[in-house]
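Engineer:
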Amino acid sequence: MSDAPEVGRGTVTPARVAIAVCLVAPFVAMLWVGSYAKTDPAFIGIPFFYWYQMLWVIVSTALTMTAYKLWQRDQRGRAVRSADGGEAK
37 MSDAPEVGRG TVTPARVAIA VCLVAPFVAM LWVGSYAKTD PAFIGIPFFY
87 WYQMLWVIVS TALTMTAYKL WQRDQRGRAV RSADGGEAK
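So for the sequence shown, our numbering puts the first residue at 37; every next one is plus one.
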């Protein structure tokens, strides 16, 4: 046997599911063109098609930041568990 630590397989946790949802949501929203391929309702004279996409730039930034923070917290938890001698899941 090797003295190298075993690398555990990735475990599905609620935090990782939330991370995945945060990262996939903008792609789904932008790929579903039929939901925003229209001009009404206009916002301060800007057609819906344009302001909806610009809104997703801001929403995507917030979701990516949230996913990053969740990932950091998950990694800290794994490091603490492995330092305590517990199995890192």
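We put the beta carbon where it would ideally sit given N, CA and C, even for glycine.
In this text the structure is predicted, and so the values were computed from the model without any measurement.
Quick check on the burial criterion: 16 or more other C-beta atoms within 10 angstroms. Buried or exposed for A103?
Structural biologist: Indexing the sequence shown from 1 puts residue 103 at position 67. Result: buried.
Engineer: Whole angstroms are fine: how far does the CA of R114 sit from the CA of P50?
Structural biologist: Taking the sequence shown and counting its residues from 1, the one referred to as residue 50 is at position 14. Taking the sequence shown and counting its residues from 1, the one referred to as residue 114 is at position 78. Going by the C-alpha atoms only, they are around 14 Å apart.
Engineer: Reducing DSSP to helix, strand and coil, say where I94 ends up.
Structural biologist: Residue 94 sits at position 58 when you count from the first residue of the sequence shown. Residue state, collapsed to three classes: helix.
Engineer: As a quick exercise: from A73, K105 and P62, pick the residue whose alpha carbon is nearest that of I94.
Structural biologist: Start at 1 with the first residue of the sequence shown, and residue 94 comes out as number 58. With distances taken between Cα atoms, I94 lies closest to P62.
Engineer: Which whole-angstrom value describes the C-beta separation of W92 and M66, a residue pair presumed to lie in contact below a C-beta threshold of 8 Å?
Structural biologist: Taking the sequence shown and counting its residues from 1, one reaches residue 92 at position 56. Taking the sequence shown and counting its residues from 1, one reaches residue 66 at position 30. W92 to M66, Cβ: 6 Å. Contact.
Engineer: In whole angstroms, what is the alpha-carbon distance linking A98 and R109?
Structural biologist: Stepping through the sequence shown from its first residue, residue 98 is reached at position 62. Stepping through the sequence shown from its first residue, residue 109 is reached at position 73. Straight-line Cα distance between these residues: approximately 17 Å.
Engineer: In its own chain, which residues sit with a C-beta less than 7 Å from the C-beta of V76, not counting the 5 before and 5 after it?
Structural biologist: The residue you call residue 76 lines up with position 40 of the sequence shown. The sequence as given places Asp at residue 76; Val does not occur at that position. Same-chain partners within the cutoff: F84.
Engineer: Quick check on I55: does DSSP put it in helix, strand or coil?
Structural biologist: Reading the sequence shown from its first residue, position 19 is the one you call residue 55. In the three-state reduction of the DSSP assignment, I55 falls in the helix class.
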